[in-house]
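Set out below in structure tokens:
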């Protein structure tokens, strides 16, 4: 890894009071990301509620992202998972035609318990990659499909398809990242969650991608800078601050997950902190928007962390 690690926001998608795509709010949010020097993944099926967006809305999100971010920070697309290569190809092509720098291709949608075998996964990816010549990324993300891509499969794909520029390794054991680095070296860039930063950067990762960047982009960029600089004490202190934030929001909007990776808390926190483009925390149905009381309670819980002051200080760390 050379230079400062990159931080990518799995960007939210704001909605207005009628639950339509709020283009003005999205632009305000993206301008804040640009100001913080954070790249963006647009239309994510998680934080970006990509599955709840129509094809036309997804394309509009990509177009707005390109208009606001391209040439300033990396602007990537993160289309929602599909059941077939044909479905995913249409989504990938729409993002490319909008002008994004790279499109991440997620795993096969394992809906209704239809988890693909390793052979089926390989057929899916090769059908897509044989038709795609522009930059793409792959990922290992157990939350995306409920299963893990075999590392040997990813190694074969990267070796066979030079358009694969990055592999995002989120949530599985760090051993998966270590195996990829050992097999592929610097053929591609590697990105992880910010909470994996110490070991990930040591193994050669180029940065992180997370919904947390929507809320604290300067803090997460500072963590990477400090660790790469070799300032272990300051880097550890900054990372602890991120964990403190996560403890406050970890149970917001969910009763099932031990750690909350959804867009619910991200939007609620942005509303609680009155960040640009927060859209009052509104979610696209069938997801439930936070109530005014929810946001007020979260604002109270966040107040001792002094997120505005922390973000301003982190710019110079």
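Numbering (our numbering), first residue to last: 107 to 423. Each residue gets a CB set at the ideal place from its N, CA and C atoms; glycine is no exception. All values derive from a computational prediction rather than experimental measurement.
Contact the region 366 to 376 vs the region 388 to 399: 3+ CB pairs below 8 Å = Yes: at least three Cβ pairs fall under 8 Å.
Per DSSP, what kind of secondary structure is residue 263 in: helix, strand or coil?
-> Three-state result, residue 263: helix.
Would you identify the three-state DSSP class for residue 295, choosing helix, strand or coil?
-> In this structure, residue 295 counts as strand in the three-state DSSP scheme.
On the three-state DSSP scale, how would you describe residue 361?
-> Low confidence applies to residue 361: its pLDDT is 48, below 50, so where it sits in the model is not reliable enough to give any reading.
Would DSSP call residue 112 helix, strand or coil?
-> Strand at residue 112.
Secondary structure at residue 118, three-state DSSP: helix, strand or coil?
-> In the structure shown, residue 118 sits in coil (DSSP, three-state: anything other than H, G, I, E or B).
State yes or no: is the C-beta of residue 243 within less than 8 Å of the C-beta of residue 271?
-> Yes. Within cutoff.
Look at the alpha carbon of residue 261 and the alpha carbon of residue 178, and state the distance between them as a whole number of angstroms.
-> So the two alpha carbons sit approximately 31 Å from each other.
Could you work out which residue in 247, 232, 286, 124 is closest to residue 151 when comparing CA atoms only?
-> It is 247.
Label residue 225 either buried or exposed according to how many other C-beta atoms from any shown protein chain fall within 10 Å of its C-beta, with 16 as the threshold for buried.
-> Exposed, by the Cβ-count rule.
Classify residue 335 as buried or exposed, calling it buried when 16 or more other Cβ atoms lie within 10 Å of its own Cβ.
-> Result: exposed.
With a CB to CB cut of under 8 Å and the five nearest residues on each side skipped, what residues in its chain are close to residue 197?
-> Within its own chain, the residues whose Cβ lies closer than 8 Å to the Cβ of residue 197, once the five positions on either side in sequence are excluded, are 161, 164, 185, 186, 188, listed in chain order.
Evaluate residue 227 with the Cβ neighbour count: other Cβ atoms within 10 Å of its Cβ, from every protein chain shown; 16 or more gives buried, anything less gives exposed.
-> Buried is the call here.
Report the rounded CA-to-CA distance for residue 363 versus residue 315, giving the unit in angstroms.
-> Below a pLDDT of 50, predicted positions are generally treated as unreliable, and residue 363, at 41, falls in that range; the measurement from the model is reported next regardless. Distance between residue 363 and residue 315, taken at the CA atoms: about 20 Å.
When the Cα of residue 121 is compared with those of 234, 385, 347, which residue comes out closest?
-> Residue 121 has its Cα closest to that of 385, out of 234, 385, 347.
For residue 314, which beta-bridge partners are listed by DSSP?
-> Residue 314 pairs with 113, 298.
Excluding five sequence neighbours on each side, which residues of the same chain lie with their C-beta closer than 6 Å to the C-beta of residue 230?
-> Within the same chain, Cβ atoms closer than 6 Å to the Cβ of residue 230 are found at 191, 214, the five residues on either side in sequence being excluded.
Which ranges would you report for the beta strand (DSSP E) in the region 208 to 238 if only whole runs of at least 3 residues count?
-> Taken in chain order, the whole beta strand (DSSP E) runs of length 3 or more contained in the region 208 to 238 are 208 to 210.
How would you label residue 114, buried or exposed, when you count the other beta carbons within 10 angstroms and need 16 or more for buried?
-> Counting Cβ neighbours within 10 Å, residue 114 comes out buried, since at least 16 surround it.
So is residue 109 buried or exposed if we call it buried at 16+ other beta carbons inside 10 Å?
-> Taking all protein chains shown into account, residue 109 has fewer than 16 neighbouring C-beta atoms within 10 Å of its C-beta and is therefore exposed.
Helix or strand or just coil, what does DSSP make of residue 391?
-> In this structure, DSSP gives residue 391 a state outside helix and strand, which the three-state scheme calls coil.
Residue 325 versus 423, 379, 210, residue with shortest Cα-Cα distance = Checking every option, the nearest Cα to that of residue 325 belongs to 423.
Examine the Cβ distances between the region 297 to 307 and the region 279 to 287 and report whether three or more of them are shorter than 8 Å.
-> Between the region 297 to 307 and the region 279 to 287 there are three or more C-beta pairs closer than 8 Å, enough to call the two in contact.
If you drop the 5 nearest sequence neighbours on each side, which residues of the same chain put their C-beta closer than 6 Å to that of residue 365?
-> For residue 365, the pLDDT reaches just 45, beneath the cut-off of 50, and the residue's location in the model is therefore unreliable, although a value from the coordinates is still provided. Taking C-beta separations shorter than 6 Å and ignoring five residues to either side along the sequence, the partners of residue 365 in its chain run 356, following chain order.
Can you tell me whether residue 223 is buried or exposed, with buried defined as 16 or more other CB within 10 angstroms of its CB?
-> Exposed.
Just tell me which of 327, 220, 169 has its CA closest to the CA of residue 421.
-> Nearest option by C-alpha distance: 327.
Burial state of residue 268 (16 or more Cβ within 10 Å) | Around the CB of residue 268, fewer than 16 other CB atoms lie within 10 Å, so the residue is classed as exposed.
Between 256, 131, 382, which lies nearest to residue 167 when the distance is taken from Cα to Cα?
-> With distances taken between Cα atoms, residue 167 lies closest to 131.
When you compare only the Cα positions, how much space is there between residue 285 and residue 320?
-> In this structure, the straight-line span from the alpha carbon of residue 285 to that of residue 320 is close to 30 Å.
Could you tell me the distance, in whole angstroms, from the CA atom of residue 218 to the CA atom of residue 249?
-> Residue 249 has its alpha-carbon roughly 15 Å from the corresponding atom of residue 218.
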